[in-house]
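Notes for the one structure printed next.
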Amino acid sequence: MSQSTTVPPVSNPGQTADPATRALRPRRRKESGGHGEEAGAPAPLWAKIVITVLCLGWILPVFGLAVTSLRDRTDAASSGWWTIFTSPSQLSRLTVQNYVEVFERAPMAQAFVNSLAISIPATIIPILIAAFAAYAFTFMEFPLRNFLLVVVVALLVVPNQVAFAPILNIYGQLGLNGQFVAVWGAHIGFGMSLAIYLIRNYMATLPREILESAKIDGASHFQTFWKLIIPMSVPALASFAIFQFLWVWNDLLVALIFIGPGDNAPLTLALNSLLGQQGQGDQLLTAGAFFTMILPIIVFLSLQRYFVRGLTAGSVKG
Amino acid sequence: MTITILNALIAVVGGVVGAVVLYWILNKLTELLPSKPQELIKPYVFILPAFAALGFYLVYPFFQTVIYSFANRNSTEWVGFDNYTALLGSPGFQTTLINTFLWILIVPTFAIIFGLIIATLADRLRPTGEKISKTLIFLPLAISAVGAVAIWRLVYNAVPANQSQTGVLNAVWTLFGGDPVNWWQISDGKLNSFLLMVILIWTQAGFAMVLLSAAIKGVPTDTLEAARIDGAGEGKIFFSIVIPQIRATMLTVFITVLIGVLKTFDVVYVATNGNFGTNIIALNFYQALFVSRNAGQAAAIVVILMLVIVPFLIYQIRQFRAEEAAR
Amino acid sequence: MRIKSRQGRAIGALLTAGLVTVLTAGCLQQSGDNGGSSASGGADDGTVTIMYGFTDSSSDQFKAEIKKFTDAEGINVKFEPTPDFNTVISTRVSGNSAPDIAIFPQPGIMKSFKDQLTPLTDIVDKSNLDKMVPGIVQAGQIDGQQYALPMSLNIKSIVFYPKGPFEQAGYTAPATLADLETLTNTIKASGTAPWCFGIESASATGWPATDWIENLLLIQSGPEVYNQWVSHEIPFNDPKVVAAADTMNKLLLTEGNVNGGRQSIASNNFATAANPMFNTPPACYMYRQGNFVARDGGFPDTVLSNLDSTVGVFPMPGQTAADKPVLGGGDLASVFNNTENVKKVMNYMASADFGKDWAKANGFISPRTDFDKSNYPNELTKQMAGFAYDSTSFVFDGSDQMPGEVGSGSFWREMTAWISGSEDEKTALDNIQASWPAS
Chain A
-7 MSQSTTVPPV SNPGQTADPA TRALRPRRRK ESGGHGEEAG APAPLWAKIV ITVLCLGWIL
53 PVFGLAVTSL RDRTDAASSG WWTIFTSPSQ LSRLTVQNYV EVFERAPMAQ AFVNSLAISI
113 PATIIPILIA AFAAYAFTFM EFPLRNFLLV VVVALLVVPN QVAFAPILNI YGQLGLNGQF
173 VAVWGAHIGF GMSLAIYLIR NYMATLPREI LESAKIDGAS HFQTFWKLII PMSVPALASF
233 AIFQFLWVWN DLLVALIFIG PGDNAPLTLA LNSLLGQQGQ GDQLLTAGAF FTMILPIIVF
293 LSLQRYFVRG LTAGSVKG
Chain B
559 MTITILNALI AVVGGVVGAV VLYWILNKLT ELLPSKPQEL IKPYVFILPA FAALGFYLVY
619 PFFQTVIYSF ANRNSTEWVG FDNYTALLGS PGFQTTLINT FLWILIVPTF AIIFGLIIAT
679 LADRLRPTGE KISKTLIFLP LAISAVGAVA IWRLVYNAVP ANQSQTGVLN AVWTLFGGDP
739 VNWWQISDGK LNSFLLMVIL IWTQAGFAMV LLSAAIKGVP TDTLEAARID GAGEGKIFFS
799 IVIPQIRATM LTVFITVLIG VLKTFDVVYV ATNGNFGTNI IALNFYQALF VSRNAGQAAA
859 IVVILMLVIV PFLIYQIRQF RAEEAAR
Chain C
8 MRIKSRQGRA IGALLTAGLV TVLTAGCLQQ SGDNGGSSAS GGADDGTVTI MYGFTDSSSD
68 QFKAEIKKFT DAEGINVKFE PTPDFNTVIS TRVSGNSAPD IAIFPQPGIM KSFKDQLTPL
128 TDIVDKSNLD KMVPGIVQAG QIDGQQYALP MSLNIKSIVF YPKGPFEQAG YTAPATLADL
188 ETLTNTIKAS GTAPWCFGIE SASATGWPAT DWIENLLLIQ SGPEVYNQWV SHEIPFNDPK
248 VVAAADTMNK LLLTEGNVNG GRQSIASNNF ATAANPMFNT PPACYMYRQG NFVARDGGFP
308 DTVLSNLDST VGVFPMPGQT AADKPVLGGG DLASVFNNTE NVKKVMNYMA SADFGKDWAK
368 ANGFISPRTD FDKSNYPNEL TKQMAGFAYD STSFVFDGSD QMPGEVGSGS FWREMTAWIS
428 GSEDEKTALD NIQASWPAS
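Protein chains in written order, with this note's numbering: chain A, -7 to 310; chain B, 559 to 885; chain C, 8 to 446.
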């Protein structure tokens, strides 16, 4: 282990789920946040300008969507969204009609529940499975270990399109298509190699001494895993969780193929169904798109503090 | 509605608990063995479910796909290399191939560049400013591709010259006297492909930023201080100290975004359906499988996609081995 | 020889079995209402699943129309609307969970499922089919056997115009194709673009242009040649097709003939392309499109609320005044799993009772010539339905009947390339011909 094995926390110094983790964290460099503040030198003006411009550029399209989702169809088709600032008469025509219509035309509430029922297990189960595998790859010695690890890394880049046709056939024989299990399985399989890779990278940075002492205390691997390693890996697990969750939540293709329309359809399919075959419903899409964003943003904001630290641990060292 | 929620809840809890119970049972079963074979078997028990999932969802389909790629559209007869020769001989597919290569090269690279700029600069802001700017940059990652294209349509849209423009880009363009341009249809210099890549870069930069930011903060302050005392300029510090320190993270980001790009078919599908020379392999595959209903050709397309990725794969494994050796 | 490896399947199934044990809870769900839609589903509980490709308000109207019948009969129905119909139907069939009834928007896709579909010979009474517009019934046949039932009809060879300004300017509906050309030039001479035109339709961009070619080929060469072309008995780039493309070029792509110019066509959404027609003064005077643009989501709301007083229509004229060929389309209902209930629903959809309320809501035109016209909510729809019922020949949209890689692929794509000027007419037609699948 060369340099800093753990990335110092960013905005909430020292805050993790388990106090034990803090005590265990080896050779912490510093408790403070960014490099800028403690040097006493505030960011130079140009840096502030550049970052402001970038942030504005990044958020402007989203803002345009927000405005458009509140305009009525004829207005949206005949002038740009920014014109509400130049011709204030339009302000009086802003309406939540699009949102109302989205809920009338598509079963958004049910789709929302379905999305949760798909996303939560499709996030937690692969993490659990990957954590076990990562543990074995990090802390256990066994024949073929390195070979199997290389297999995992190689599978990182196998596109998941390969699976569509063959899996569809097998699912068909088992009658699984259209079930939540069908997509859970697919997301578990498709996310597995990345999960193992990232979680193992993190676990490799945990001090091995803890494991040794646990062994002396007579703890089994299973106990060590649950009681020690999982709590210590929370940042990595939470980070992967966010990205897996976002992938699954926003996935259209896997849901389209393995679930399709019907009672189990998630939000992405419901949103897509707002688009009529003859192109109607563009204006509803803006409102629908906004609605689907809400939950991921809440998830991000609430888990933010974990995942700024999680994923890169282990790969930080030079 | 309550039944739906209840059902979903049962599914969620059952699914998660089921997975935990499976491990518990597997563990109990191995513990029944005497300690010697138990030590031997346990690692495999721990990795078994993971490899079962990988085997079922990637390895088995991988071989199946390779086999199908040598068969006809219904997978009923062998056709040798026909699918490959037909694909590689068609100019449309050559464009698709070139586009795909550009996508997997450019999107991760620019996501990293933007992520790096923002991470570096935000690192020097006060905590509130840093938090706000990071959240704003991250926001697009929460948007589905269908939504993202809806958003960028408001940027790239073009309407006939005698009406008022609804796309930001054309509004500015016509303000300076230009004629409205159908940005998504200009294939000269792959402009439209690049404009579509912008959408994905826009969503992925937040991801890159978050990871790189953590890495940058991990660069020991004393190293930076020492360099400053030695009189090194900020630029020099950045390129000769920070960058080498975060190289491994950059690779992780590159690979992760690359995987994201491979999955991406919906951006192009919703925006242009691959018209105007913007097609990429993932979409081409979808079209072959579900529009042409030609399983053989679809399989051949994926196999070619995998061949395109092989260089990245080799680099990834090498890098990984080197990292392991250094550990 | 079947080469789907049995061994591979077995291994896969074994692995799945392992996975399934992991995910027991998800399977419990299955015992609910979902597992039933597979092949055996219909027989189990009598539920009829219907999958179709139209969404938004049409879907609601369709559901209501079906419910009216099935509630009275005590039949359970499950509706599965999806805008990605072609994808979903493929996955459902290969995933062994096809719906009982599928309503195909495109006969070409329907035909690719010939082996899985049940012929309608013993399902739908022939007397029902005999009452329908002949051309659309043929579109549901494979090798002379009826596999699909026309559920609804749409008419694509319609020219819309802004009633007031059009009449004030002294223009009249043309009786022949030559008159249409003259009218085009007259309007152009007045300083306004004669045509509105837009072919943007998100991932289906290009299809409105295919309708133009088809319509002109039908007018200029007649239904026999048209059908030969559709079934590829004559090459896609036959001189007769080139002639149709030339006419389209003359009418639309000549400088000054289209509002916004040729460059705007490919990015102008087809549903809103006609909106400038209702400006004062109109920015263009004519828009050839299907009857569905005169519904919610198409013309501006202000126009839709006064349809009869603001919009006029005339059919795309034939070579002679007596010649009235019509290009149209429709939704075709096919059966994957035949049961008594499915049979009832199918015959109901074929009856003259089906679609009355839907028609009143301005969303439906019946394929039956004996459908009570008073159900149509406005003069405009009555007029448009009349075009179909009175046609000298009715042909089904060609691109919808061609193989997927042409009809929903190269045809759209190459038309777009030609119109946006990145290819010339000949290259475009030749490329489509080259893309026709071998078998």
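Idealized CB from N, CA, C, for every residue including glycine.
Note that this is a predicted model, so its numbers are computed, not measured.
Assuming contact is defined by CB atoms lying nearer than 9 Å, are C:M323 and C:N234 in contact in what I supplied? no
Which residue wins for smallest C-alpha separation from A:A103, given the options A:P253, A:F282, A:S294? A:P253
Bridge partners of C:G335, per DSSP? Bridge partners of C:G335: C:I162, C:F403.
Neighbour list for A:Y127 in chain B, Cβ cutoff strictly below 8 Å: F604
Determine the chain B residues that contact C:G213 at a beta-carbon separation under 9 Å, and present them in chain order. N831, N833
Sequence-distant residues of the same chain with beta carbon closer than 7 Å to B:Y714, five excluded per side: Counting only Cβ-Cβ distances below 7 Å, and skipping sequence neighbours, we find G725, L727, W741, W742, L753.
Straight-line gap, B:L584 to A:F156 (C-alpha atoms, nearest Å): 30 Å
Write down the C-beta distance between A:P118 and A:G183 rounded to the nearest angstrom, noting that I regard them as a contact closer than 8 Å. 5 Å
Around the Cβ of B:R786, are there at least 16 other Cβ atoms within 10 angstroms (buried) or fewer (exposed)? It is exposed - the Cβ of B:R786 has fewer than 16 other Cβ atoms within 10 Å.
Note down the Cα distance separating B:A829 from B:F823, rounded to an integer number of angstroms. 10 Å
Below-9 Å beta-carbon distance, A:Q270 vs any chain C residue: Caution applies to A:Q270, whose pLDDT of 47 falls short of 50 and renders its modelled position unreliable; the value that the coordinates give is listed next. With 9 Å as the cut-off, A:Q270 counts as an interface residue toward chain C.
Is any beta-carbon of chain A found at less than 9 Å from that of C:V95? yes
Using only the alpha-carbon positions, how far apart do C:F111 and C:G405 sit? 15 Å
Using beta carbons (cut-off 9 Å, strictly below), is B:M755 in contact with chain A? False, the Cβ-Cβ gap to chain A never drops below 9 Å.
Which residues, in chain order, does the segment 803 to 828 of chain B contribute to contact with chain C at a C-beta distance below 8 Å? Y827, V828
What are the boundary residues of the beta strand (DSSP E) that C:Q296 is part of? Its beta strand (DSSP E) spans residues 291 to 296.
Residue nearest to C:A252 in terms of C-alpha spacing, selected from C:E421, C:F76, C:G81, C:Q68: C:E421
Interface residues of chain B around C:Q175 at Cβ under 9 Å? The contacting residues do not exist; C:Q175 stays about 21 Å from chain B at best.
Per-residue contacts from A:N169 into chain C (C-beta, under 8 Å): T98, R99, G102, N103, S104
Establish whether the CB of B:N585 and some CB of chain C are separated by less than 9 Å. no
Measure the C-alpha to C-alpha separation of C:A148 and A:L266 and round it to an integer number of angstroms. Looking at the sequence provided, one finds Gln at residue 148 of chain C rather than Ala. Taking the straight line from one Cα to the other gives about 31 Å.
Which residues in the same chain have their Cβ closer than 6 Å to the Cβ of C:N348, if we skip the five residues on either side of it in sequence? Excluding the 5 residues flanking it on each side, C:N348 has same chain C-beta neighbours closer than 6 Å at G53, V55, I82, in chain order.
Residues bridged to C:I149 (per DSSP): In DSSP, C:I149 forms a bridge with C:Q152.
Taking the beta strand (DSSP E) that C:P322 belongs to, which residues open and close that run? 318 to 322
Secondary structure at B:R631, three-state DSSP: helix, strand or coil? coil
Give a yes or no on contact between the segment 79 to 87 of chain A and the segment 192 to 212 of chain A, applying the rule of three or more CB pairs nearer than 8 Å. Judged by Cβ distances under 8 Å, the segment 79 to 87 of chain A makes no contact with the segment 192 to 212 of chain A, as fewer than three pairs qualify.
Is C:W219 near C:L259, with beta carbons less than 9 Å apart? In contact: C:W219 and C:L259 (Cβ atoms closer than 9 Å).
Do A:I222 and A:V175 come within 9 Å of each other at the CB atom, strictly closer than that value? At a Cβ-Cβ threshold of 9 Å, A:V175 and A:I222 do not count as neighbours.
How about A:L86: is its C-beta nearer than 9 Å to some C-beta of chain C? no
For B:K600, I'd like the list of residues in its chain whose CB is within less than 6 Å of its CB, leaving aside the five on either flank, ordered along the chain. T588
Taking any Cβ of chain A, which residues in the segment 864 to 883 of chain B have a Cβ under 7 Å from it, in chain order? M864, I867, F870, L871, Q874, I875, F878
Looking at C:A281 and C:F321, is the spacing between their C-beta atoms short of 9 Å? no
Can you have a look at B:Y873 and say buried or exposed, based on whether 16 or more other CB atoms are within 10 angstroms of its CB? Exposed, since its Cβ has fewer than 16 Cβ neighbours within 10 Å.
Starting from C:T447 and walking both ways along the beta strand (DSSP E), at which residues does that stretch end? Residue 447 of chain C lies beyond the range of chain C shown here (8 to 446); nothing can be said about it.
Starting from the Cα of C:S427, find the closest Cα among C:D308, C:P444, C:A273 and give me that residue. Nearest Cα to C:S427 within the set C:D308, C:P444, C:A273: C:A273.
Do B:T686 and B:I838 have their C-beta atoms within less than 9 Å of each other? no
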